[in-house]
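Anchor point for the sequence shown: position 126 equals 153 in this note's numbering, and the numbering is continuous, going up by one each time. Where a beta carbon is used, it is the ideal one built from N, C-alpha and C, also for glycine. Single-structure report; data block below.
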Amino acid sequence: MGGVVDDNFGELERELGLFLRRAHASSSRLAREVHPDLEPAAYELMALVASTPDMRGSDLAAYIGVGRGTMSRQLTRLTGLGLLARRPDPDDFRGQLLSLTDAGVAQLQAAQASRRAYLHGALDDWTPEEIDELTRQLGRLNRAMSAVGQLGLRAVADDGHESAALPDAG
């Protein structure tokens, strides 16, 4: 890719960087709404567990793209806060199935309502078609980034040197 596309990447990087910083700040705020001692990543973990009951911790780690040790620490924290329950996997004695506790469900629902209100406020003057298009394009970007991360593709710079693609962060 060259020329106009390269020029567009500079602006894209700036906008994505700003978006990611704002998203991180929003996730931090939402995590604190769930529990004052909660890390930002825990909100997303809770949302995934809520949408996929009885998911195994190892599958959750693989889906998000973090190591099992990192996932174990985060799940232990959620369990200790009374937001997550674990039970043995009847099909694999080594695994544990995850679900939210009643308190976890209530806290997550409250945080999700807050997130929706925030998005409604931010997108108040957007048409439904514009929101649909943004959703499609973000989905496309997420799938492309996931494919690059999962396949371990290597990027080739304009000077012909290879550089490792960044791993998928989820």
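Query, Result
"So what does DSSP say about residue 124, is it helix, strand or coil?", "strand"
"Out of 131, 113 and 36, point me to the one whose CA is closest to residue 124's CA.", "113"
"For residue 80, collect the residues of the same chain with a Cβ closer than 7 angstroms to its Cβ; drop the 5 residues on either side in sequence, then sort them by chain order.", "126"
"Please go through the same chain and pick out, in chain order, the residues whose beta-carbon is closer than 7 angstroms to the beta-carbon of residue 45, but skip the five residues on each side of it.", "none"
"Ignore the nearest five residues each way along the sequence and tell me which others in residue 150's own chain have a CB closer than 7 angstroms to its CB.", "158"
"Is the region 56-70 in contact with the region 125-142, if contact means three or more CB pairs nearer than 8 angstroms?", "yes"
"By Cβ distance, which residues of its chain are closer than 6 angstroms to residue 88, with the 5 residues on each side in sequence left out?", "95 and 98"
"Mark residue 51 as exposed unless 16 or more other C-beta atoms lie within 10 angstroms of its C-beta, in which case mark it buried.", "exposed"
"Going by the CB atoms, is the gap between residue 70 and residue 171 shorter than 8 angstroms?", "no"
"To the nearest angstrom, how far is the alpha carbon of residue 168 from that of residue 146?", "19 angstroms"
"Assign residue 67 to one of three DSSP states: helix, strand, or coil.", "helix"
"In this structure, does DSSP put residue 47 in helix, strand or coil?", "helix"
"Below 7 angstroms CB to CB, which residues in the same chain sit around residue 121 once its five sequence neighbours on both sides are set aside?", "none"
"Where do the N-terminal and C-terminal ends of the beta strand (DSSP E) with residue 111 fall, by residue?", "111-116"
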